Amino acid sequence: MYLGRLCELGPAEALYREPFHPYTVALLASIPSPDPDAPRSAAHEAISGDPPSPIDPPSGCRFRTRCPRAQDRCAAEVPELRMLAPDHAVACHFPVERSEDGR
Ligand code: SF4
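Residue numbering for the sequence shown follows numbering that gives the first Met the number 0, starting at 0 and increasing by one per position.
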C-alpha cells in the first residue's frame, strides 16, 4: 500500500520473486543485505523525494511524484488493480517487466 491505496496484491512468494509495481520493487531493493560485499541489484530503483501529504494526495497514481517510471498518464488516470499473473494483481499503468530488472 502507498498513501492508502493498494499497489500490488498476491502470494508472498510471487511478490518477492516477481514484483511488478515500482514501489514494491523499490521497497525490496531497499532491504539491506547481511553480506557487506554483496553487489547491489542492477535493478535498484531508489525512492526519491518525500512522501506527499495524505490529505492532499497527487492526482492519478499516488506514487507518481516519486516513481522513476511515471509518465503523463499516471497524473491523469488512477491505475486500477489488474491481474498480471495468476493471483497476482498490480495497480500500475507501466508495471516492471521481468526482463527489465534481471529477474
Ligand atoms: S502508475 Fe505510473 S506513477 Fe504509478 S507506479 Fe505505475 S508507472 Fe509509477
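Cβ atoms here follow ideal geometry from the backbone N, Cα and C, with glycine treated the same way.
Computed from a predicted structure; not experimentally measured.
Cβ shell of residue i (< 7 Å), same chain only, five flanking positions each side left out
{"i": "residue 5", "result": "80 and 90"}
{"i": "residue 82", "result": "88"}
{"i": "residue 97", "result": "17"}
{"i": "residue 29", "result": "none"}
{"i": "residue 19", "result": "7, 83, 89, 91, 94 and 95"}
6 Å Cβ shell around residue i - same chain, five flanking residues per side excluded
{"i": "residue 87", "result": "9 and 13"}
Closer than 7 Å: residue i CB and nearest the ligand SF4 heavy atom
{"i": "residue 4", "result": "no"}
{"i": "residue 62", "result": "yes"}
{"i": "residue 20", "result": "yes"}
{"i": "residue 69", "result": "yes"}
DSSP bridge partner residues for residue i (one or two, in chain order)
{"i": "residue 88", "result": "8 and 82"}
{"i": "residue 1", "result": "4"}
Contacting residues, own chain, Cβ-Cβ under 8 Å from residue i (five flanking each side not counted)
{"i": "residue 66", "result": "21, 22, 60 and 73"}
{"i": "residue 57", "result": "51, 63, 64 and 74"}
{"i": "residue 0", "result": "6"}
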